[in-house]
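Residue numbers (UniProt numbering): 1 to 148. Ideal Cβ placement from N, Cα and C applies to all residues, glycine included.
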């Protein structure tokens with residue numbers, strides 16, 4: 001059993017001894033301390049990487065849409081020029097350039113049909129992967145008499 005404590009003089013000393021024994025000059029560190037910080041940093045890095053990837057895909061899709069619009073308008077302009085007796089590929093090239101793309105190919109097919117291939121470089125990180133390419137054709141449909 002423990003020592004008898006006298007209510008006056010020894011009460012403070014006994015209480016103090018218990019506290020001093022519990023104090024440790026070199027506390028042991030928890031090996032998992034800070035693991036939450038590392039986990040949060042990893043999640044933030046993964047989220048940033050995902051955001052950059054989504055932005056790159058968005059830029060590539062935007063470039064593809066712009067190239068398709070330029071090719072469509074170039075093909076329509078070329079088919080109209082062919083119908084009116086002008087240079088279809090020159091007109092198609094001008095229309096494609098006005099819409100922010102480059103004319104990669106222009107071909108006059110039979111029956112007044114013009115096929116245009118347009119390219120447009122992607123903006124941002126997706127531009128490193130190459131340019132967007134789109135093909136369009138325009139002209140009259142086959143005549144009803146050509147079908148059996």
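- Between residue 137 and residue 113, the CB-CB gap stays under 7 angstroms.
- Taking 7 angstroms as the cut-off, the beta carbon of residue 95 is found no closer than this to the beta carbon of residue 109.
- With fewer than 16 other Cβ atoms inside 10 Å of its own Cβ, residue 37 counts as exposed.
- A residue is called buried when at least 16 other Cβ atoms come within 10 angstroms of its Cβ; residue 139 meets this threshold and is buried.
- Assignment of beta-bridge partners to residue 128 by DSSP yields no partner.
- The segment 34–52 makes no contact with the segment 77–90; the number of CB pairs closer than 8 angstroms stays below 3.
- Shown here, residue 141 sits in coil according to DSSP, grouped into three states, outside any helix or strand.
- Ranked by Cα distance from residue 111, the options 59, 56 and 79 are led by 79.
- The continuous alpha helix (DSSP H) containing residue 98 extends over residues 88–98.
- For residue 101, there is no enclosing alpha helix (DSSP H), as DSSP marks it with neither H nor E.
- Inclusion of residue 119 and residue 102 in the CB contact set at 7 angstroms is warranted, their separation being smaller than that value.
- A Cβ-Cβ contact shorter than 7 angstroms links residue 59 with residue 122.
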